[in-house]
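Each number in my numbering comes from the position in the sequence shown (counting from 1) with 18 added on. For every residue, glycine included, the Cβ atom is placed at its ideal position computed from N, Cα and C.
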Amino acid sequence: LKVEKERFKNAVDEQKNNPNNQLYIIEYFPKNASTSAMREKVSRMTNFLVKELKLDESFLTIVTEKAAKPLTKLYRIPPGASNPRP
């Protein structure tokens, strides 16, 4: 979790240096993850990014997907660019 928080801090710094960009996160969950567990993790991520790191929530998008293994992908999307697909 410490590594993930450091990645989030770096991503927020990058977004603040490029204030018109969107921070786009794809969070991959194990195939057996419950909807409530997924919702809880996204809520914790959002709270950390918005409340602790002071990211403007309007510049944050979190998408969830189920996959073979858990993974978090972070993207900085400039205006006019397409969002990545999970």
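One or two residues paired with residue i in a DSSP bridge
i, result
"F66", "None, per the DSSP bridge assignment."
"L71", "In the DSSP output, where bridge partners are listed per residue, L71 has none listed."
"T53", "Looking at the DSSP assignment, T53 forms no beta bridge with any residue, so it has no partner."
"E45", "T82 and T90"
"Q33", "Answer by DSSP bridge pairing: none, since Q33 is not bridged."
Enclosing beta strand (DSSP E) for residue i [first to last residue]
i, result
"F77", "Element bounds for F77: n/a, residue is neither H nor E."
Outcome for residue i when other beta-carbon atoms lying within 10 angstroms are tallied against a minimum of 16
i, result
"L89", "exposed"
"E22", "exposed"
Run of the alpha helix (DSSP H) containing residue i, from where it starts to where it stops
i, result
"A99", "Where A99 is concerned, there is no enclosing alpha helix (DSSP H), given that its DSSP letter is neither H nor E."
Residue i versus the options, residue with shortest Cα-Cα distance
i, options, result
"K69", "V30, T53 and Y46", "V30"
"K111", "T53, N101, L71 and T64", "This structure cannot settle anything about residue 111, because the visible part of the chain is limited to 19 through 104."
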